Amino acid sequence: MRITDVDAVVVGSGCGGLIAATKLREAGLDPLLIEKTEYVGGTAAWALGGLWFPANPLEPEAGIADSVEDGLAYVEAAVGDQGPATTRARQEAYMRGGQRLIQRLTVYPQDTATLATFLKSNA
Ligand SMILES: Cc1cc2nc3c(=O)[nH]c(=O)nc-3n(C[C@H](O)[C@H](O)[C@H](O)COP(=O)(O)OP(=O)(O)OC[C@H]3O[C@@H](n4cnc5c(N)ncnc54)[C@H](O)[C@@H]3O)c2cc1C
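Using my numbering, the first residue of the sequence shown is number -16, and each one after it goes up by one.
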């Protein structure tokens, strides 16, 4: 494969890179994902290996009662507001943005399953 055969190059196979590559595929483009280590998954692969997003669209299916307010209460108790990176506005953006992210990923079960397999195999 020559580098000119792809539409975009994504550097790094962490969650950010994997989701960027998924979004590029969604847009009908052909991305090349490159990774400098022998592992796929970046930090998420060796950390928790999961995504923590309260009140995400998969929870009702699993019979889990949850809410953005509960998530915010948890973050407030665990972290609070310690400066620009942890303001209430940022915490709310994380909660609501996460819901949209999970919604978008579940539209592509094959890519989501691939992502989950990568993460599990490297956990
Ligand atoms: C214990 C733990 C628990 C966590 N829990 C949560 C949680 O519950 N919720 C949450 O949202 N976040 C959580 N995080 C944070 C989250 O895991 C990271 O913020 C996230 O995984 C970062 O993803 P990333 O794609 O931005 O970067 P990374 O995961 O760092 O991925 C970057 C990738 O790029 C590769 N790379 C770097 N340079 C190059 C190069 N020059 N060429 C090719 N490849 C390169 C790296 O090898 C790596 O694979 C947790 C982190 C830890 C450690």
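A virtual CB, placed ideally from N, CA and C, is assigned to each residue, including glycine. All figures in this text were calculated on a predicted structure; none of them were measured in a lab.
Exercise. Quick one: what's residue 15 bridged to in DSSP?
Worked result: The residue given as residue 15 occupies position 32 in the sequence shown. Paired residues: -8.
Exercise. Which residue's Cα is closest to the Cα of residue -1: 42, 40 and 16?
Worked result: Walking along the sequence shown from the start, residue -1 turns up at place 16. Closest option to residue -1, Cα to Cα, is 16.
Exercise. Taking the alpha helix (DSSP H) that residue 85 falls in, what are its first and last residues?
Worked result: As a working note, residue 85 is residue 102 in the sequence shown. Element bounds for residue 85: 71 to 89.
For this session: Indicate whether the contact test is met: 3 or more Cβ pairs, each with one atom in the segment 37 to 56 and one in the segment 2 to 22, closer than 8 Å.
Result: no
For this session: Count the other C-beta atoms from every protein chain shown that fall within 10 angstroms of the C-beta of residue 74, then say buried if there are 16 or more, exposed otherwise.
Result: Within the sequence shown, the letter at position 91 stands for residue 74. Flag for residue 74 reads buried.
Exercise. Can the beta-carbon of residue -3 be found closer than 8 Å to that of residue 25?
Worked result: By 1-based counting over the sequence shown, the position of residue -3 is 14. By 1-based counting over the sequence shown, the position of residue 25 is 42. Going by C-beta atoms, residue -3 is nearer than 8 Å to residue 25.
Exercise. Applying the criterion that 16 or more other CB atoms from any shown protein chain within 10 Å of the CB defines a buried residue, is residue 70 buried or exposed?
Worked result: Position 87 of the sequence shown, counted from the start, is the residue given in the question as residue 70. Residue 70 is exposed by the Cβ-count criterion.
Exercise. Is residue 22 buried or exposed, if buried means 16 or more other CB atoms sit within 10 Å of its CB?
Worked result: On the sequence shown, position 39 is the one that residue 22 refers to. Exposed.
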